[in-house]
Amino acid sequence: MESNYCELTGVIATLEKVALTPAGVPRQRLWLEHRSRQLEDGHPREVQARIAVILAGGMTRQAQSLKEGQRIKVTGCLSRAGYKGDARDRLQLLAQTLEPLNQD
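Taking this note's numbering, the leading residue of the sequence shown gets 24, the next gets one more, and so forth.
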């Protein structure tokens with residue numbers, strides 16, 4: 024079986040409103056801004072990423088207390104954003120867990 028697991032921390036840049044899928048499942052998207060310093064071939068490198076995080080079902084209830092600018096840790100799996108056009112080449116993170124972090 025193939026593995027697809029991602030854990031990412033960052034700041035909520037945009038928190039969109041909850042919408043219902045055609046099947047009636049609540050779904051919410053937020054945009055997570057990640058910045059860190061990583062080693063690349065033994066050399067430090069600044070890393071920045073912005074990724075859509077998708078919350079579905081009960082995860083949307085947990086997100087009611089979230090705010091833009093808040094630091095979070097999210098785990099889940101990566102999926103393409105869509106099946107047509109440019110969306111086929113964009114990744115999104117389908118959240119399985121979400122945890123607010125202390126502001127540093």
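Ideal placement from N, C-alpha and C gives every residue a C-beta, glycine not left out.
Closest by C-alpha distance to residue i, when choosing among the options
{"i": "glutamine 93", "options": "Glu69, Ser59, Glu122 and Lys40", "result": "Glu122"}
{"i": "tryptophan 54", "options": "Lys40, Ser26, Thr44 and Pro45", "result": "Lys40"}
{"i": "threonine 37", "options": "His57, Leu101 and Gly108", "result": "His57"}
Span of the beta strand (DSSP E), counted from its first residue to its last, around residue i
{"i": "threonine 120", "result": "114–123"}
{"i": "isoleucine 111", "result": "The identity of residue 111 in the sequence shown is arginine, whereas the question assumes isoleucine. Element bounds for arginine 111: n/a, residue is neither H nor E."}
Residue i, enclosing alpha helix (DSSP H) - first and last residue
{"i": "glutamine 71", "result": "Element bounds for glutamine 71: not the alpha helix (DSSP H) but the beta strand (DSSP E), 66–79."}
Cβ of residue i within 8 Å of any chain B Cβ
{"i": "glutamate 122", "result": "This model lacks chain B altogether; it includes just one protein chain."}
Identified DSSP bridge partners for residue i
{"i": "glycine 33", "result": "Ile95"}
{"i": "alanine 42", "result": "Arg50"}
How about the stretch 34–52 and the stretch 72–82: do they share at least three Cβ pairs that are nearer than 8 Å? yes
Quick check: the stretch 65–72 against the stretch 113–121, are there 3 or more CB pairs under 8 Å? no
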